[in-house]
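**Q** Residue numbers (the numbering used here), protein chains in the order written: chain C, 51 to 322; chain F, 61 to 325.
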Amino acid sequence: MRRLVWLVPPVAVLAVFFGYPLVLVLWQSFVSDSGVVGLQVWQDVLGSAEFQRAVVRTALLALAATAGCLVLGVFLALVIAFAPFPGVRAVSRLVDVVLAFPSFLIALAFTFLYGSAGVVNAALGDGSVDFLYSPWGVLLAEITFYTPFVMRPALAAFSQIPGAQLDVAASLGASPWRVLRRVLLPDAAPALASGACLTLLLCMNEFGIVLFVGAKDVITLPMLVYTKAIVTFDYPAACVVAVVNVVFSGALYALHRCLFAKGAGRAAVDAA
Amino acid sequence: MLLWTRRSRAVAIAVFAVLFAVVVLAPLAMIVLASVAGSWNGVLPSEVTGSHLAGAVHGDAVASALVSAQTAVIAALVAVVLGTWLALSAARAPLVVRRVLDGVAHLPLAVPSVVVGLGLLVAFSRPPLLLNGTRWIVLVAHLVILLPFTFSVVSAAQRRVDPVLAAVAASLSASPMRVLWRVQVPVLLPAMSASASLGLALSMGEVGATVMVYPPDWRTLPVSVFALTDRGQVFAASASTVLLLGITLAGLVAVGAVRLRAAER
Numbered sequence: 051m052r053r054l055v056w057l058v059p060p061v062a063v064l065a066v067f068f069g070y071p072l073v074l075v076l077w078q079s080f081v082s083d084s085g086v087v088g089l090q091v092w093q094d095v096l097g098s099a100e101f102q103r104a105v106v107r108t109a110l111l112a113l114a115a116t117a118g119c120l121v122l123g124v125f126l127a128l129v130i131a132f133a134p135f136p137g138v139r140a141v142s143r144l145v146d147v148v149l150a151f152p153s154f155l156i157a158l159a160f161t162f163l164y165g166s167a168g169v170v171n172a173a174l175g176d177g178s179v180d181f182l183y184s185p186w187g188v189l190l191a192e193i194t195f196y197t198p199f200v201m202r203p204a205l206a207a208f209s210q211i212p213g214a215q216l217d218v219a220a221s222l223g224a225s226p227w228r229v230l231r232r233v234l235l236p237d238a239a240p241a242l243a244s245g246a247c248l249t250l251l252l253c254m255n256e257f258g259i260v261l262f263v264g265a266k267d268v269i270t271l272p273m274l275v276y277t278k279a280i281v282t283f284d285y286p287a288a289c290v291v292a293v294v295n296v297v298f299s300g301a302l303y304a305l306h307r308c309l310f311a312k313g314a315g316r317a318a319v320d321a322a
Numbered sequence: 061m062l063l064w065t066r067r068s069r070a071v072a073i074a075v076f077a078v079l080f081a082v083v084v085l086a087p088l089a090m091i092v093l094a095s096v097a098g099s100w101n102g103v104l105p106s107e108v109t110g111s112h113l114a115g116a117v118h119g120d121a122v123a124s125a126l127v128s129a130q131t132a133v134i135a136a137l138v139a140v141v142l143g144t145w146l147a148l149s150a151a152r153a154p155l156v157v158r159r160v161l162d163g164v165a166h167l168p169l170a171v172p173s174v175v176v177g178l179g180l181l182v183a184f185s186r187p188p189l190l191l192n193g194t195r196w197i198v199l200v201a202h203l204v205i206l207l208p209f210t211f212s213v214v215s216a217a218q219r220r221v222d223p224v225l226a227a228v229a230a231s232l233s234a235s236p237m238r239v240l241w242r243v244q245v246p247v248l249l250p251a252m253s254a255s256a257s258l259g260l261a262l263s264m265g266e267v268g269a270t271v272m273v274y275p276p277d278w279r280t281l282p283v284s285v286f287a288l289t290d291r292g293q294v295f296a297a298s299a300s301t302v303l304l305l306g307i308t309l310a311g312l313v314a315v316g317a318v319r320l321r322a323a324e325r
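#1: What residues in the segment 153–167 of chain C bring their beta carbon closer than 9 Å to a beta carbon of chain F?
#2: Applying the criterion that 16 or more other CB atoms from any shown protein chain within 10 Å of the CB defines a buried residue, is histidine 118 of chain F buried or exposed?
#3: Measuring only the C-alpha atoms, how far is alanine 227 of chain C from valine 71 of chain F?
#4: Counting along the chain, where does the alpha helix (DSSP H) carrying arginine 152 of chain F start and finish?
#5: Going by Cα to Cα distance, which pick from C:Val141, C:Cys289, C:Ser79 is closest to leucine 126 of chain C?
#6: Is the segment 264–276 of chain C in contact with the segment 161–179 of chain F, if contact means three or more CB pairs nearer than 8 Å?
#7: Starting from the Cα of tyrosine 164 of chain C, find the closest Cα among C:Val263, C:Trp92, C:Phe80, C:Glu256 and give me that residue.
#8: Short of 7 Å Cβ to Cβ, which residues in the segment 254–276 of chain C face chain F?
#9: Strictly below 9 Å CB to CB, what residues from chain F border glycine 300 of chain C?
#10: State buried or exposed for serine 178 of chain C, treating a residue as buried only when at least 16 other CB atoms are found within 10 Å of its CB.
#11: Classify methionine 272 of chain F as helix, strand or coil using the three-state DSSP reduction.
#12: Run down chain F in chain order and give the residues with a C-beta less than 7 Å from the C-beta of tryptophan 56 of chain C.
#13: Could you pull out every residue in the same chain whose Cβ sits closer than 7 Å to the Cβ of glutamine 215 of chain C, ignoring the five residues on either side in sequence?
#14: Select from F:Gly316, F:Ala317, F:Val302 the residue whose C-alpha is nearest the C-alpha of methionine 90 of chain F.
#15: Mapping DSSP to helix, strand and coil, what is arginine 53 of chain C?
#16: Starting from the Cα of arginine 231 of chain C, find the closest Cα among C:Val124, C:Leu305, C:Val138, C:Thr108 and give me that residue.
#17: Could you check which residue in F:Val247, F:Arg321, F:Leu146 has the C-alpha nearest to that of arginine 159 of chain F?
#18: Would you grab the beta carbon distance between methionine 252 of chain F and valine 138 of chain F for me? Rounded to a whole angstrom, and I think it's under 8 Å.
#19: Kindly identify the DSSP beta-bridge partner or partners of glutamate 107 of chain F.
#20: Quick check: is the beta carbon of threonine 194 of chain C nearer than 8 Å to any beta carbon in chain F?
#21: At a CB-CB cut-off below 9 Å, which residues of chain C make contact with valine 221 of chain F?
#22: At a CB distance below 7 Å, what residues from the segment 186–216 of chain C approach chain F? Give them in sequence order.
#23: Apply the 10 Å Cβ neighbour rule to alanine 318 of chain C and answer buried if 16 or more other Cβ atoms are within range, or exposed otherwise.
#24: Can you name, in chain order, every residue of its own chain whose Cβ lies under 7 Å from the Cβ of glutamine 244 of chain F, other than the five neighbours on each side?
#25: Give me the subset of the segment 64–86 of chain C whose CB atoms are less than 7 Å from a CB atom of chain F, sorted by chain position.
#26: Starting from the C-beta of lysine 266 of chain C, find all residues in its chain whose C-beta is less than 8 Å away, skip the five residues before and the five after it, and write them out in chain order.
#27: Closer than 9 Å, Cβ to any Cβ of chain C: which residues of the segment 297–322 of chain F, in chain order?
#28: By Cβ distance below 7 Å, which residues in the same chain neighbour serine 255 of chain F in space, the five residues on each side in sequence not counted?
#29: In whole angstroms, give me the CA-to-CA distance for phenylalanine 195 of chain C and leucine 113 of chain C.
#30: What separation, rounded to the nearest whole angstrom, lies between the Cα atoms of leucine 320 of chain F and leucine 240 of chain F?
#31: If distances are taken between C-alpha atoms only, which option among C:Leu251, C:Arg107, C:Thr197 comes closest to valine 171 of chain F?
#32: Below 8 Å on the Cβ atoms is my contact criterion, and I expect leucine 181 of chain F with valine 273 of chain F to pass it. Report the Cβ-Cβ distance as a whole number of Å.
#33: Between threonine 210 of chain F and chain C, is the shortest Cβ-Cβ distance under 8 Å, so that the two count as touching?
#34: With 16 other CB atoms within 10 Å as the buried threshold, where does cysteine 308 of chain C fall?
#35: Leaving out the 5 sequence neighbours to the left and right, which residues in its chain are closer than 7 Å to alanine 238 of chain C when beta-carbon positions are compared?
#36: Rank C:Leu271, C:Leu128, C:Phe310 by C-alpha distance to the C-alpha of leucine 235 of chain C and give the top, closest one.
As structure tokens, then:
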């Protein structure tokens with residue numbers, strides 16, 4: 051019992067500053083502006099076209115971004131791990147640095163690269179690229195920013211695979227594609243799946259990029275929470291959207307934990 | 061190893077170089093270029109000026125930078141202390157409690173930062189605790205967002221520590237406080253400093269929760285950058301972003317230096 055007493059201070063901080071606000075958000079979502087308790091706000095929000103579009107947009111963006119990150123991240127990791135070139139260490143350090151940067155940096159950089167007065171348009175002629183203020187702009191920015199989140203675990207997994215295994219496969223006549231499909235990817239699959247799941251969660255919750263790109267028709271759930279609460283001061287509606295968002299990402303997070311808790315346990319045993 | 065012919069290797073590296081340049085190098089280069097651009101009508105800035113950068117270390121921008129730095133240092137320190145505390149006390153709890161704690165402590169990871177901000181607004185704009193409109197609400201928001209990360213790093217390190225170490229110290233009649241201070245915390249120091257770096261970097265770049273809760277007198281640098289881009293002052297925004305990255309990197313280097321010195325002793 052005395053050992054549990056030591057848990058009280060940090061758990062109290064979590065409860066007061068994280069748990070209690072979440073509970074209030076849930077409660078507030080059932081209380082309309084006029085103070086009536088009921089399902090009115092939920093009905094209004096869930097029935098609105100704006101909200102439904104945001105749900106679809108958020109899901110599509112997150113899925114597409116994750117798929118893009120997987121393809122790009124696996125390719126970059128493969129080259130770093132299996133076709134090393136001079137300066138490869140500097141490259142992978144730079145990737146670590148990018149992980150420490152805020153996501154909105156990418157969105158800002160994109161306006162200079164692909165904006166209407168950006169470098170690409172200046173080089174290729176005005177109006178040759180015009181995707182920045184559409185969902186594509188947000189999607190490409192998210193892929194750019196979140197690729198390292200797949201690349202890191204992929205690199206770690208590839209470095210665990212003994213080179214002899216690949217050499218044997220190759221000496222038995224397997225083509226590089228076959229080695230990739232039959233040896234490398236199956237071995238790295240758990241790490242890749244875990245990375246992809248995390249990326250999906252982060253993309254679903256991404257706010258900085260969407261805010262900075264500022265495309266009018268790209269409203270995701272976090273963006274809707276922000277506009278409802280800060281721009282129109284509609285707290286009950288913001289709370290409904292927030293609850294829906296938390297339910298989605300919470301489910302994804304729970305799935306991630308149950309799928310990969312076993313793997314983590316095994317890795318810990320292996321390491322010991 | 062995977063690609064045996066010279067040609068295939070060259071092709072792979074070439075594609076890598078192009079992708080890497082587009083994905084990582086170009087965005088970084090753009091921010092730096094824009095921060096020194098006087099005017100930018102062609103492919104490259106036609107005129108180079110230091111006035112944006114000079115503006116970024118003056119007046120409002122500097123105030124924001126100071127706010128960000130203070131917020132990051134305080135939030136990261138508190139998050140490291142609380143995260144370590146939680147990791148150490150959870151390790152001694154029964155297995156069931158430990159499992160539950162592990163899940164609960166990681167939960168803020170899954171909640172969008174905007175929702176963390178909204179929750180704080182809803183909860184602390186009313187009695188018993190009024191924080192809305194003060195700088196404390198920003199600090200609390202950053203703390204809530206950093207805590208799962210520091211806890212995760214430290215508790216992962218804690219799991220690899222041999223429990224015999226503390227047991228031996230205790231059997232040699234060291235008091236629990238002494239065991240904690242002379243055995244358990246020193247072993248975790250590398251993880252604590254790693255989590256401090258992570259916390260600093262995350263806090264410096266935090267936008268979602270901050271933009272929801274910040275009071276006018278406590279505006280962090282990312283929020284200022286957003287205000288600038290929103291007004292169309294993209295060059296000034298880039299200069300502020302470069303300042304932000306500079307401060308973040310300086311902070312990371314400082315934490316790294318402290319870690320090195322601790323390792324030498």
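Even glycine gets a Cβ: it sits at the ideal position worked out from N, Cα and C.
**A** The structure says:
#1: For the segment 153–167 of chain C, which is checked against every Cβ of chain F, the residues closer than 9 Å are Ser153, Phe154, Leu155, Ile156, Ala157, Leu158, Ala159, Phe160, Thr161, Phe162, Leu163, Gly165, Ala167.
#2: Answer is exposed; the Cβ neighbour count stays below 16.
#3: The residue asked about is misnamed: residue 227 of chain C is tryptophan in this sequence, not alanine. The alpha-carbon atoms of tryptophan 227 of chain C and valine 71 of chain F are separated by roughly 15 Å.
#4: No alpha helix (DSSP H) holds arginine 152 of chain F; DSSP gives it neither H nor E.
#5: Nearest to leucine 126 of chain C by C-alpha distance, out of C:Val141, C:Cys289, C:Ser79, is C:Val141.
#6: Put simply, the segment 264–276 of chain C touches the segment 161–179 of chain F. At least three CB pairs are less than 8 Å apart.
#7: Sorting C:Val263, C:Trp92, C:Phe80, C:Glu256 by C-alpha distance to the C-alpha of tyrosine 164 of chain C places C:Val263 at the top.
#8: For the segment 254–276 of chain C, the residues whose beta carbon sits under 7 Å from a beta carbon of chain F are, in order, Asn255, Phe257, Gly258, Leu261, Phe262, Pro272, Val275, Tyr276.
#9: Ordered by position in chain F, the residues that pass the 9 Å Cβ test against glycine 300 of chain C are Leu167, Ala170, Val171.
#10: Looking at its Cβ environment, which holds fewer than 16 other Cβ atoms inside 10 Å, serine 178 of chain C is exposed.
#11: In the three-state scheme derived from DSSP, where H, G and I count as helix and E and B as strand, methionine 272 of chain F is classed as helix.
#12: The answer, in chain order, is Ser149.
#13: In the same chain as glutamine 215 of chain C, and ignoring 5 residues on each side of it, the C-beta atoms closer than 7 Å to its own belong to Val233, in chain order.
#14: Answer by Cα proximity: F:Val302.
#15: DSSP places arginine 53 of chain C within a helical segment (H, G or I) once states are collapsed to three.
#16: Minimum Cα-Cα distance from arginine 231 of chain C among the listed residues C:Val124, C:Leu305, C:Val138, C:Thr108 corresponds to C:Val124.
#17: Taking only the C-alpha atoms, the option nearest arginine 159 of chain F is F:Leu146.
#18: Their Cβ separation, rounded to whole angstroms, is 13 Å, which puts methionine 252 of chain F and valine 138 of chain F out of contact at 8 Å.
#19: Answer by DSSP bridge pairing, in chain order: F:Ser99.
#20: Cβ-Cβ to chain F under 8 Å: yes for threonine 194 of chain C.
#21: Ordered by position in chain C, no residue passes the 9 Å Cβ test against valine 221 of chain F, which lies about 12 Å from the chain.
#22: Here the close residues are Thr194, Thr197, Gly213, Leu216.
#23: Note on alanine 318 of chain C: pLDDT 38, under 50, position unreliable in the model; no value is reported.
#24: Around glutamine 244 of chain F: Leu148, Ala226.
#25: Cβ contacts with chain F: Leu64, Phe67, Phe68, Tyr70, Pro71, Leu72, Leu74, Val75, Gln78.
#26: The beta carbon of lysine 266 of chain C is closer than 8 Å to those of Tyr183 in its chain, skipping five residues each way along the sequence.
#27: Within the segment 297–322 of chain F, the qualifying residues are Ala297, Ser298, Thr301, Leu304, Leu305, Thr308, Leu309, Leu312.
#28: Here the set comprises Val140, Gly143, Phe209, Thr210, Val213, Val214.
#29: In this structure, the CA atom of phenylalanine 195 of chain C is about 15 Å from the CA atom of leucine 113 of chain C.
#30: Rounded to whole angstroms, the gap between the alpha carbons of leucine 320 of chain F and leucine 240 of chain F is 22 Å.
#31: When the alpha-carbon of valine 171 of chain F is set against those of C:Leu251, C:Arg107, C:Thr197, the nearest one is in C:Leu251.
#32: Rounded to whole angstroms, the Cβ separation of leucine 181 of chain F and valine 273 of chain F is 6 Å, and the two are in contact under 8 Å.
#33: Cβ-Cβ to chain C under 8 Å: no for threonine 210 of chain F.
#34: By the neighbour-count rule (16 or more Cβ atoms within 10 Å), cysteine 308 of chain C is not buried but exposed.
#35: Closer than 7 Å at the Cβ level, and outside the excluded window around alanine 238 of chain C, lie Ala204, Ala207, Phe208.
#36: Minimum Cα distance to leucine 235 of chain C is reached at C:Leu128.
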